[in-house]
Amino acid sequence: MAGAAVRVRGLAKSFGATQVLAGLDFDLAPGESLSFLGASGCGKTTVLRILAGACPFEAGEVAVGQGQAVRSLVSQNLGLFPWKTVLGNLTLPLDLAEVDPAEKAQRVEAALSDLGLKGLVDRYPGQLSGGQRQRLALGRALVAQPELLLLDEPFSALDALTREALGIHLAQLWRRLGLTMIIATHSVEEAVFLGQVIAVLGGQPTRAVAVFRNDGPKTAQAFTESHFMELTRKVRLALAEAWGPSANRVGSLQ
Ligand SMILES: Nc1ncnc2c1ncn2[C@@H]1O[C@H](COP(=O)(O)OP(=O)(O)OP(=O)(O)O)[C@@H](O)[C@H]1O
Ligand SMILES: [Mg+2]
Numbered sequence: 365m366a367g368a369a370v371r372v373r374g375l376a377k378s379f380g381a382t383q384v385l386a387g388l389d390f391d392l393a394p395g396e397s398l399s400f401l402g403a404s405g406c407g408k409t410t411v412l413r414i415l416a417g418a419c420p421f422e423a424g425e426v427a428v429g430q431g432q433a434v435r436s437l438v439s440q441n442l443g444l445f446p447w448k449t450v451l452g453n454l455t456l457p458l459d460l461a462e463v464d465p466a467e468k469a470q471r472v473e474a475a476l477s478d479l480g481l482k483g484l485v486d487r488y489p490g491q492l493s494g495g496q497r498q499r500l501a502l503g504r505a506l507v508a509q510p511e512l513l514l515l516d517e518p519f520s521a522l523d524a525l526t527r528e529a530l531g532i533h534l535a536q537l538w539r540r541l542g543l544t545m546i547i548a549t550h551s552v553e554e555a556v557f558l559g560q561v562i563a564v565l566g567g568q569p570t571r572a573v574a575v576f577r578n579d580g581p582k583t584a585q586a587f588t589e590s591h592f593m594e595l596t597r598k599v600r601l602a603l604a605e606a607w608g609p610s611a612n613r614v615g616s617l618q
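Counting in the numbering used here, the sequence shown runs from 365 upward without gaps.
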């Protein structure tokens, strides 16, 4: 598995009369990671769906690899099949893609091992903990061997410690597999930890209003390093500025 380069220029998207995105630009090198932060409704999911090839757009350029790059999206609601077991959920995308049985068995085995799901193969999603469900959704995205992995608030339903542990685990997998990764999150710490590029989205319509880089290590120690904490502070300030100084966001969250 190798990462695809991503190039986005002047991306614009409307739903009916409402323009959600305008003039969104960014580049990712193969194997790089990008985090999106931004207010609820600013268009994070929309961008990920466009990158996954699941949502049309009006204007701009979106290039992922040479055009045929494999992309996996872990959606905000995970999209697991409740009537399929862990094994069934992992196998289904490979069945649909008619991957040959030996290759299929090897990929499923790797996902079970990478995501710590080996003892759970016969369980249904309803019989898993929140963290186990998140790991299953991630495993199901990885069996497709994506060149671009898109994650939409993947750990939002989890307690803080499980969330941090899964983030560290994801960072290890991302490094080892070399895939390009884009993650949308509301957690500043998670965005700074997982992203080499951190883009704060804002404005109306939405564009990237501030971009930061974090080339520091993506290990458990990172969270306590002064560079990480300082960057987190800067990103938080940029996010507050993008959010608007006087906006009553609770009032505007309609
Ligand atoms: N299919 C759709 N039809 C009409 N409007 C839509 C549709 N999908 C999204 N929108 C609107 O587009 C805007 C961006 O939505 P999107 O889901 O991308 O936001 P988001 O940044 O992911 O928000 P959140 O942080 O709450 O997940 C919102 O105003 C939303 O209501
Ligand atoms: Mg969303």
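Backbone N, C-alpha and C define an ideal beta-carbon position, used for all residues, glycine too. Keep in mind that this is a model prediction, so the values were computed, not measured.
Please state whether DSSP places residue 568 in a helix, a strand or coil.
Here residue 568 corresponds to residue number 204 of the sequence shown, with the count starting at 1. Note: residue 568 maps to coil in three-state DSSP.
In terms of DSSP beta bridges, what is residue 585 paired with?
Taking the first residue of the sequence shown as 1, we reach residue 585 at position 221. Answer is none; residue 585 lacks a bridge partner.
Assuming residue 379 is part of the beta strand (DSSP E), what are its boundary residues?
One-based indexing of the sequence shown puts residue 379 at position 15. First-last of the beta strand (DSSP E) with residue 379: 370-379.
For residue 544, which of helix, strand or coil comes out of DSSP?
The residue given as residue 544 occupies position 180 in the sequence shown. Looking at residue 544 - three-state DSSP - the assignment turns out to be strand.
Run of the beta strand (DSSP E) containing residue 400, from where it starts to where it stops
Here residue 400 is taken as the residue at index 36 of the sequence shown, counted from 1. Residue 400 -> beta strand (DSSP E) spans 397-401.
To which residues of the same chain is residue 521 closer than 6 Å at the C-beta, ignoring the five residues directly before and after it?
One-based indexing of the sequence shown puts residue 521 at position 157. Closer than 6 Å at the Cβ level, and outside the excluded window around residue 521, lie 494.
Between which two residues does the beta strand (DSSP E) containing residue 435 stretch?
The count along the sequence shown starts at 1 and reaches residue 435 at position 71. For residue 435, the enclosing beta strand (DSSP E) begins and ends at 435-438.
Can you list, in chain order, the residues of its chain whose CB lies under 6 Å from that of residue 602, leaving out five sequence neighbours each side?
Taking the sequence shown and counting its residues from 1, one reaches residue 602 at position 238. Cβ neighbours of residue 602 beyond the five flanking positions: 564 and 574.
Delimiting residues of the beta strand (DSSP E) encompassing residue 389
Within the sequence shown, numbered from 1, the residue matching residue 389 stands at position 25. It spans 382-392 - the beta strand (DSSP E) in which residue 389 sits, taken as one unbroken run.
Give the DSSP-derived three-state secondary structure of residue 579 in the structure shown.
Translated into positions along the sequence shown, residue 579 becomes position 215. Coil.
Taking 5 Å as the limit, name every residue whose beta carbon sits nearer than that to some heavy atom of ligand 1, in sequence order.
Taking each Cβ in turn, the ones that pass are 379, 384, 404, 405, 406, 407, 408, 409 and 410.
Per the DSSP calculation, residue 599 is bridged to which residue(s)?
Your numbering for residue 599 matches position 235 in the sequence shown. Beta-bridge pairing links residue 599 to no other residue.
Compute the Euclidean distance between the alpha carbons of residue 450 and residue 456, then round it to the nearest angstrom.
For this step, residue 450 is matched to residue 86 along the sequence shown. For this step, residue 456 is matched to residue 92 along the sequence shown. Cα-Cα distance, rounded: 10 Å.
How big is the Cα-Cα spacing for residue 368 and residue 559?
For the purposes of this step, residue 368 is taken as residue 4 along the sequence shown, with counting starting at 1. For the purposes of this step, residue 559 is taken as residue 195 along the sequence shown, with counting starting at 1. Answer to the nearest angstrom: the Cα atoms are 16 Å apart.
Between residue 549 and the rest of its own chain, which residues show a CB-CB distance below 7 Å, the 5 nearest in sequence each way excluded?
Position 185 of the sequence shown, counting from 1, holds the residue named residue 549. Cβ within range, chain order: 399, 401, 517 and 555.
Is it the case that the Cβ atoms of residue 424 and residue 374 are separated by a distance below 7 Å?
For the purposes of this step, residue 424 is identified with residue 60 of the sequence shown, where counting begins at 1. For the purposes of this step, residue 374 is identified with residue 10 of the sequence shown, where counting begins at 1. Cβ distance < 7 Å, so residue 424 and residue 374 count as in contact.
Sub-7 Å separation of residue 510 and residue 386 beta-carbons:
Position 146 of the sequence shown, counted from the first residue, corresponds to residue 510. Position 22 of the sequence shown, counted from the first residue, corresponds to residue 386. No; because the gap between Cβ atoms is not below 7 Å, this pair is not in contact.
Since residue 571 contacts residue 388 with CB under 8 Å, what's their CB separation in whole angstroms?
In the sequence shown, counting from the first residue as 1, residue 571 sits at position 207. In the sequence shown, counting from the first residue as 1, residue 388 sits at position 24. That belief holds up - the Cβ atoms of residue 571 and residue 388 are roughly 5 Å apart, short of 8 Å.
Are the Cβ atoms of residue 596 and residue 553 separated by less than 7 Å?
One-based indexing of the sequence shown puts residue 596 at position 232. One-based indexing of the sequence shown puts residue 553 at position 189. Against a cut-off of 7 Å, the Cβ pair of residue 553 and residue 596 comes out as a contact.
Based on Cα-Cα distance, which residue from 370, 524 and 546 lies nearest to residue 430?
For the purposes of this step, residue 430 is identified with residue 66 of the sequence shown, where counting begins at 1. Measuring from the Cα of residue 430, the nearest candidate turns out to be 370.
Quick check: the Cα distance between residue 496 and residue 519, rounded to an integer number of angstroms?
The residue you call residue 496 lines up with position 132 of the sequence shown. The residue you call residue 519 lines up with position 155 of the sequence shown. Pairing residue 496 with residue 519, the inter-Cα distance amounts to about 11 Å.
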